[in-house]
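In this note's numbering, the protein residues as written are 3 to 377.
Even glycine gets a Cβ: it sits at the ideal position worked out from N, Cα and C.
Being a predicted model, the structure only gives us computed values, none of them experimental.
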Ligand SMILES: [Zn+2]
């Protein structure tokens with residue numbers, strides 16, 4: 003296991019997702035000051051110098067041959083029986099439960115750890131009461147880094163115990179504002195890297211870590227061909243954007259000739275309410291059992307991922323999510339089942355046709371989900 007990170011020599015800055023302005027590579031994730039003047043809160047993505055001909059992989063990554071616990075390369079499993087019942091040409095599940103700590107978050111944690119090692123950081127700090135916290139704690143521990151987690155006061159015992167086991171320091175807060183203020187304070191101290199969002203309005207997780215999701219596009223292409231639709235359970239859109247950015251890179255490299263449509267699946271209307279880019283900075287509170295995608299904030303990440311792929315946003319409430327989990331018939335966190343539940347309404351509205359290939363992101367199993375029977 004490597005304890006050092008090899009930075010991609012092409013990585014040369016951070017770039018505004020919206021206007022394309024390039025900023026220096028820094029640890030703190032700040033909004034684009036140019037776009038802010040127009041009232042739009044936009045975060046950054048990694049910027050790479052143009053590839054030399056015949057050069058590196060189609061999907062550039064911030065770190066090469068760095069720290070890993072074997073995340074990624076998860077299976078893509080077809081479900082012909084469900085496809086038949088749902089009158090779909092093809093239905094596949096990208097099984098992110100097979101990552102080291104059981105969720106897609108490991109892809110992000112790996113890149114976050116590499117950035118921490120690269121910048122000489124000693125502590126990862128994040129706000130999460132769920133899979134992101136478990137993943138970051140496990141990865142930090144394995145890399146010899148500290149991990150501080152701002153959690154909700156009502157964090158489930160399963161998560162609290164796992165965080166203890168992985169040596170993470172937990173700080174409990176009653177609300178998001180408290181959690182994010184804590185992370186923001188820590189992020190401004192030397193030696194800290196904030197992995198997840200800590201700003202209001204939200205920007206999303208730290209850009210180099212979000213890059214960790216891009217290889218999902220390549221894996222989908224290699225394992226099952228180019229899908230027509232990708233269903234993504236979403237809170238602030240890190241995963242949806244990473245998948246979009248991966249396919250975008252494949253398109254630029256002419257490895258594919260179109261983008262799959264990215265569908266952001268949310269438990270109550272948030273992004274669905276946003277009509278303008280300025281609306282992304284508003285708060286959209288709601289209650290849900292889908293705890294991995296709870297919260298009131300949205301980001302430019304998910305706006306871009308849906309707009310640029312002719313996808314969109316679809317609300318699958320808890321009742322529909324429970325029904326989808328019964329249909330799925332396997333262990334899945336409730337929001338992952340909701341992603342399956344988004345297929346039928348999109349068929350009804352004519353967005354998904356009987357000839358299409360749909361990929362559902364199975365983000366995590368139900369093993370730590372309080373809504374799972376027998377939990
Ligand atoms: Zn900008």
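Could you check which residue in the options has the C-alpha nearest to that of residue i?
{"i": "residue 72", "options": "31, 130, 140", "result": "140"}
{"i": "residue 367", "options": "117, 351, 249, 337", "result": "337"}
{"i": "residue 208", "options": "11, 31, 17, 25", "result": "31"}
{"i": "residue 257", "options": "59, 172, 364, 36", "result": "59"}
{"i": "residue 385", "options": "161, 110, 48", "result": "The first residue shown for the chain is 3 and the last is 377, placing residue 385 beyond what the model contains."}
{"i": "residue 260", "options": "248, 266, 269, 267", "result": "248"}
{"i": "residue 217", "options": "190, 252, 200, 193", "result": "252"}
{"i": "residue 265", "options": "283, 285, 287, 312", "result": "312"}
{"i": "residue 277", "options": "254, 308, 291", "result": "308"}
{"i": "residue 129", "options": "150, 121, 111, 112", "result": "150"}
{"i": "residue 357", "options": "322, 230, 331", "result": "230"}
{"i": "residue 124", "options": "148, 241, 113", "result": "148"}
{"i": "residue 122", "options": "110, 105, 29", "result": "29"}
{"i": "residue 18", "options": "306, 288, 351", "result": "306"}
{"i": "residue 219", "options": "11, 82, 362", "result": "362"}
{"i": "residue 328", "options": "291, 375, 21", "result": "375"}
{"i": "residue 69", "options": "113, 84, 27", "result": "113"}
{"i": "residue 144", "options": "157, 342, 126", "result": "126"}
{"i": "residue 241", "options": "373, 250, 106, 349", "result": "106"}
{"i": "residue 371", "options": "110, 201, 324, 178", "result": "324"}
{"i": "residue 244", "options": "199, 214, 62", "result": "214"}
{"i": "residue 343", "options": "110, 319, 156, 97", "result": "319"}
{"i": "residue 146", "options": "341, 5, 373", "result": "5"}
{"i": "residue 15", "options": "246, 347, 63", "result": "63"}
{"i": "residue 282", "options": "33, 27, 11", "result": "33"}
{"i": "residue 333", "options": "310, 373, 322, 346", "result": "373"}
{"i": "residue 285", "options": "310, 315, 201, 291", "result": "201"}
{"i": "residue 27", "options": "37, 12, 36, 20", "result": "12"}
{"i": "residue 302", "options": "175, 109, 21, 222", "result": "21"}
{"i": "residue 316", "options": "291, 351, 287, 310", "result": "351"}
{"i": "residue 142", "options": "345, 103, 50, 353", "result": "103"}
{"i": "residue 254", "options": "9, 177, 61", "result": "61"}
{"i": "residue 52", "options": "35, 74, 10, 101", "result": "10"}
In the DSSP assignment, what residue or residues form a beta bridge with residue i?
{"i": "residue 96", "result": "78, 363"}
{"i": "residue 15", "result": "49"}
{"i": "residue 8", "result": "66"}
{"i": "residue 194", "result": "125"}
{"i": "residue 268", "result": "317"}
{"i": "residue 153", "result": "174"}
{"i": "residue 105", "result": "366"}
{"i": "residue 233", "result": "265, 362"}
{"i": "residue 148", "result": "125"}
{"i": "residue 25", "result": "16"}
Using a beta-carbon distance below 9 angstroms, is residue i in contact with chain C?
{"i": "residue 369", "result": "You won't find chain C in this structure, because it holds only one protein chain."}
Could you tell me if the beta carbon of residue i falls within a distance shorter than 8 angstroms of some heavy atom in ligand 2?
{"i": "residue 195", "result": "Ligand 2 is absent from the structure shown, which contains only ligand 1."}
Exercise. Can you list every residue whose CB sits closer than 6 angstroms to some heavy atom of ligand 1, going in chain order?
Worked result: Going by the Cβ distance cut-off, the answer is 18, 20, 21, 23, 34, 36, 37, 44.
Exercise. Is it a yes or a no for the stretch 330-346 touching the stretch 197-211, going by three-plus beta-carbon pairs under 8 angstroms?
Worked result: The stretch 330-346 vs the stretch 197-211: no contact.
Exercise. Would you call the stretch 38-45 and the stretch 89-103 touching, i.e. three or more CB-CB distances under 8 angstroms?
Worked result: Contact check between the stretch 38-45 and the stretch 89-103: fewer than three CB pairs, one atom from each, fall below 8 angstroms, which does not count as touching.
Exercise. Per the contact definition of three or more C-beta pairs closer than 8 angstroms, is the stretch 290-298 in contact with the stretch 230-241?
Worked result: These segments touch.
For this session: Take every Cβ of the stretch 67-85, pair it with every Cβ of the stretch 209-227, and state whether three or more of those distances are shorter than 8 angstroms.
Result: The stretch 67-85 makes contact with the stretch 209-227, as at least three CB pairs between them are under 8 angstroms.
Exercise. Per the contact definition of three or more C-beta pairs closer than 8 angstroms, is the stretch 115-124 in contact with the stretch 159-167?
Worked result: No: the two stretches stay apart, fewer than three of their Cβ pairs being nearer than 8 angstroms.
Exercise. Between the stretch 297-312 and the stretch 264-273, do three or more beta carbon pairs fall short of 8 angstroms?
Worked result: Verdict: yes, contact present.
Exercise. Are at least three pairs of beta-carbons, each pair with one atom in the stretch 182-189 and one in the stretch 153-163, less than 8 angstroms apart?
Worked result: No: fewer than three Cβ pairs fall under 8 angstroms.
Problem set entry | Sufficient close CB pairs (3 or more, under 8 angstroms) joining the stretch 168-180 to the stretch 133-150 | Yes, the stretch 168-180 is in contact with the stretch 133-150.
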